[in-house]
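A.B. asks:
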Amino acid sequence: MSEPGLFDEVLARGGVREAVGDRAWLAAMLSAETALARAQARIGLIEPEAAAAVADACRVDRFDLAELARRAGRHASPVVPLVRMLREVAGPAVHKGATSQDILDTAAMLVSRSALDVLLADLSGASDAAARMARTYRNVPMAGRTLLQPAAPVTFGLKAARWLSALDAAAERLTAVRGRLAVQLGGPAGTLAGFEGRAFDLVEAFAGQLGLAVPVLPWHTDRTRIADLAGALGTAAGTAGKIARDVTLLSQAEVGEVAEGAPGGSSAMPHKRNPVAAVSTLASASQAPGLVATLLAAMAGEHERAAGAWQAEWRPLRDLLVATGSAMSWLRACLTGLRVDAGAMAANLSKFLSDVDTGCSGELVDRVLEVR
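According to the working numbering, the residues represented by the sequence shown are 44 to 415, in order.
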């Protein structure tokens with residue numbers, strides 16, 4: 044693990060930060076080059092010995108990341124200098140017939156898949172915690188609130204079930220997007236030229252090497268995969284933010300219905316018990332909408348290769364994965380340790396509402412748990 048930055052333990056919590064770091068991107072680009080060479084050897088486009096030489100050259104420890112970064116600025120892509128370095132060692136079999144975007148887009152899919160695996164594990168932990176609270180507090184009444192004012196009675200179990208349902212929906216969407224992450228291979232203009240009539244076999248073999256989906260067409264300027272990923276990440280971040288907002292409101296001292304298991308303190312006020320996990324969830328999730336918008340704006344690429352829009356995706360995609368991953372890691376910590384005060388809920392309810400009919404709250408909880 045690299046040393047965290049000053050703000051990373053707040054805004055880049057969990058395993059996603061490392062999964063999308065520079066070393067991970069380099070490893071993914073090298074995996075793509077290795078897979079391409081092996082796929083070409085498998086269908087007879089290059090010799091097996093040449094593919095083995097490429098694979099041997101594609102070791103992360105061979106490369107100076109700082110030097111690669113410096114050279115990337117001359118070409119608007121890190122792939123150009125990377126390929127030149129590889130060819131110095133492994134010869135012309137490196138990158139045969141491919142273009143820079145083929146390798147970097149494929150690497151983006153590999154990096155995103157790794158990040159999603161970490162994120163989905165934290166999301167699952169958060170939803171499991173919500174499910175436990177839904178069962179435990181199925182019939183515990185509390186004041187429902189609309190427009191921040193006491194409304195009609197609900198149960199805390201129903202509130203937790205709503206959190207659970209939203210988290211499971213976000214997980215379903217992220218899992219579907221993960222399954223559509225596809226290799227990129229089109230060559231200079233997306234025509235699959237240069238593969239000696241074996242292009243479609245090569246794409247299949249390339250995808251098989253990496254465990255990614257096979258696209259119908261090269262997708263150099265069709266950025267719907269990136270847009271779908273961005274939308275699913277933004278939705279997951281928004282879901283985490285909504286739940287964290289509920290926790291911050293319920294944990295106010297004047298309300299006191301929930302409390303985090305590990306609250307934070309204040310530099311000036313010793314009495315404070317701040318809901319740090321919920322606050323940090325919100326801080327991370329709040330970054331997502333702007334990053335999603337940037338990725339959607341980058342969809343408008345020119346002709347067969349975008350002039351700048353493609354490059355504009357790289358940093359916001361990484362930042363969006365980190366922000367959403369951090370939000371979900373914090374939310375898991377928040378919900379796992381959340382303490383519920385049923386007595387405070389009853390007291391607050393009695394202040395404003397004499398009616399304690401919670402309607403179908405219990406049955407609604409059961410429906411959510413059954414669907415899960």
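We treat Cβ as the ideally placed atom computed from N, Cα and C, and that holds for glycine.
1. Where does T337 fall in DSSP's three states?
2. Buried or exposed for D104, please, with buried defined as at least 16 other CB atoms from any protein chain shown within 10 angstroms of its CB.
3. Please give the ranges of any alpha helix (DSSP H) in the region 229-268, keeping only runs that are unbroken, at least 4 residues long and fully inside the region.
4. Just confirm the distance between the C-beta atoms of I89 and V122, as a whole number of angstroms; I'd bet it's less than 8 Å.
5. Tell me, to the nearest whole angstrom, how far the beta carbon of E356 is from that of L381; I am working on the premise that it is less than 8 Å.
6. For the pair the region 367-377 and the region 157-171, tell me if three or more CB-CB distances fall below 8 Å.
7. Determine the direct distance from the alpha carbon of V335 to that of A352, and round the result to whole angstroms.
8. Using the three-state DSSP reduction, which class does P135 fall into: helix, strand or coil?
9. In this structure, how does DSSP classify P193 when only helix, strand and coil are distinguished?
10. Tell me, please, which residues DSSP counts as bridged to P121.
11. By the DSSP assignment, the alpha helix (DSSP H) with E110 in it spans what residues?
12. Report the rounded CA-to-CA distance for A194 versus D289, giving the unit in angstroms.
13. Which of the three DSSP states is assigned to R188 in this structure?
14. Take every Cβ of the region 246-255, pair it with every Cβ of the region 224-232, and state whether three or more of those distances are shorter than 8 Å.
15. Just checking my contact of E303 with P318 at CB under 8 Å: how many whole Å lie between their CB atoms?
16. DSSP state of A141, grouped into three classes?
17. So, with DSSP's three-state summary, where would you put V301?
18. Please classify T401: does DSSP put it in a helix, a strand, or coil?
19. Give the range of the alpha helix (DSSP H) segment to which F199 is assigned.
20. Can the beta-carbon of L364 be found closer than 8 Å to that of L276?
21. Quick one: which unbroken alpha helix (DSSP H) runs of 4-plus residues sit fully inside the region 347-392? Chain order, please.
22. Helix, strand or coil for A225 per DSSP?
23. At the 8 Å Cβ level, is F249 part of the contact set with chain B, yes or no?
24. So, at 6 Å on beta carbons, what are the nonlocal neighbours of D65 in its own chain, with the 5 sequence-adjacent residues on each side left out?
25. Starting from R181 and walking both ways along the alpha helix (DSSP H), at which residues does that stretch end?
26. Does DSSP put L407 in a helix, in a strand, or in coil?
27. What do you reckon, are the CB atoms on A416 and A80 nearer than 8 Å?
28. Could you check what DSSP says for M152 in three-state terms: helix, strand or coil?
29. Would you please state the rounded distance, in angstroms, between the beta carbons of A320 and A366? I believe it to be under 8 Å.
C.D. replies: According to the structure data:
1. helix
2. exposed
3. 242-253
4. Not quite, the Cβ-Cβ distance comes to about 19 Å (not below 8 Å), so this is no contact.
5. Incorrect: roughly 36 Å between the Cβ atoms, too far for contact.
6. yes
7. 14 Å
8. coil
9. strand
10. P121 pairs with nothing; no bridge assigned.
11. L108 to A115
12. 15 Å
13. strand
14. yes
15. 5 Å
16. coil
17. strand
18. coil
19. F199 to G222
20. yes
21. 352-379
22. strand
23. No chain B is part of this structure, which consists of one protein chain only.
24. L108
25. Element bounds for R181: n/a, residue is neither H nor E.
26. helix
27. Any question about residue 416 goes unanswered here, given that the chain covers just 44 to 415.
28. helix
29. Contact flag wrong, Cβ pair sits at about 16 Å.
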